[in-house]
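Below is one structure; the comments refer to it alone.
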Amino acid sequence: MTLHRPRREDFLASSLEVAPRLLGAVLRHDSEEGPVALRITEVEAYIGDGLDPGSHAFRGRTKRNAVMYGPPGHVYTYFTYGMHVCANIVCSPEGEASAVLLRAAEVVEGEDLAERRRVGVTGRRIPHRDLARGPARLVVAAGMSLADDGADVFAPPFDLLLPDEQVDYVTGPRTGVSGAGGGLAFPWRYWLPGDPTVSPYKRHPKSHD
DNA sequence: AATACGATGTCCT
DNA sequence: GGACATCGTATTG
């Protein structure tokens, strides 16, 4: 499967449409330390304004979620659980809240740098498959931070390549979303079946995918 | 492997 | 005050 550089218009659609197209995509983030590139393997879709109880934008605009309402193709980062940063790519036209949370990826470039960053947090060696497995780990491995909130993925230090054709994928309930926004009412988690970098406790129970 | 628990911003009631 | 788009560590089987 070959890759191509998408256009911003490709992100004008709802996150529900964009999420599966991001599977297999390669997001590259450059820094003074060097580049790290991630092959996306697991994502979740969120929409806003009363339609999605699991979304940060369920009750409208706040200071934190402002970027979700901005133009598509930008990064929405947020701080959660008192210690972790997670990253989304914003979808839909400006004024409409919609974003795809990056949940897991395989490091395909800059593995040594990604490992140094993760070891710096954990103090331990990290297996290849765990380098960017989980939304907060992914952000650390890529060298992203809250400073990237609002950054344009179509401009340095970012570069994004999408698969030319839709790859095979699976959907299921979103992880970590309890209550009305969780469960089968919102099966808006998308992942590559069988990929070892997909968060294990997120895989379908007893499945061998 | 499975479970339990701590860390603690931001938003909500 | 409580829930949360979490993860690292310790403890137990």
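Straight run, no breaks: the first sequence in my numbering ends on number 210. Quick reminder that beta carbons are idealized off the backbone N, C-alpha and C, glycines included.
Close-in-space but distant-in-sequence residues of the same chain around residue i (CB under 7 Å, 5 per side omitted)
i: Val-37; result: His-30, Val-108, Glu-110, Gly-111, Leu-114, Ala-115, Ala-142, Ala-143 and Gly-144
i: Arg-118; result: Val-141, Ala-142 and Gly-144
i: Leu-162; result: Leu-4, His-5, Arg-6, Ala-26 and Val-27
i: Asp-50; result: Ala-58, Gly-61 and Ala-98
Neighbour-count burial assignment, residue i, 16 or more Cβ in a 10 Å radius
i: Tyr-82; result: exposed
i: Gly-184; result: exposed
i: Thr-63; result: exposed
i: Val-122; result: exposed
i: Leu-147; result: exposed
i: Gly-74; result: buried
i: Leu-52; result: exposed
i: Arg-126; result: exposed
i: Asp-153; result: exposed
Backbone CA spacing between residue i and residue j [nearest angstrom]
i: Glu-10; j: Gly-124; result: 42 Å
i: Leu-103; j: Thr-42; result: 9 Å
i: Val-44; j: Arg-60; result: 22 Å
Contacting residues, own chain, Cβ-Cβ under 8 Å from residue i (five flanking each side not counted)
i: Arg-22; result: Asp-11, Leu-163, Pro-164 and Gln-167
Residues near residue i in its chain [Cβ-Cβ closer than 6 Å; skip 5 each side]
i: Tyr-77; result: Val-68, Met-69, Asn-89, Val-91 and Ala-100
i: Ala-46; result: Ser-16, Leu-17, Ala-20, Val-101 and Trp-189
Nearest to residue i (by Cα), restricted to the options the options
i: Glu-176; options: Leu-139, Phe-187 and Tyr-170; result: Note that residue 176 is Thr in the sequence shown here, rather than Glu. Considering only alpha carbons, the answer is Phe-187.
i: Thr-172; options: Cys-87, Arg-8 and Leu-17; result: Leu-17
Checklist entry - Could you give the uninterrupted runs of the alpha helix (DSSP H) lying entirely in the segment 58 to 145, keeping only those of 4 residues or more? => result As far as the segment 58 to 145 is concerned, its whole alpha helix (DSSP H) runs of at least 4 residues are 112 to 123 and 136 to 143.
Checklist entry - At which residue ranges does the segment 3 to 32 contain complete beta strand (DSSP E) runs of 3 or more residues, listed in the order of the chain? => result If we require 3 residues or more, the beta strand (DSSP E) runs fully inside the segment 3 to 32 come out as 27 to 30.
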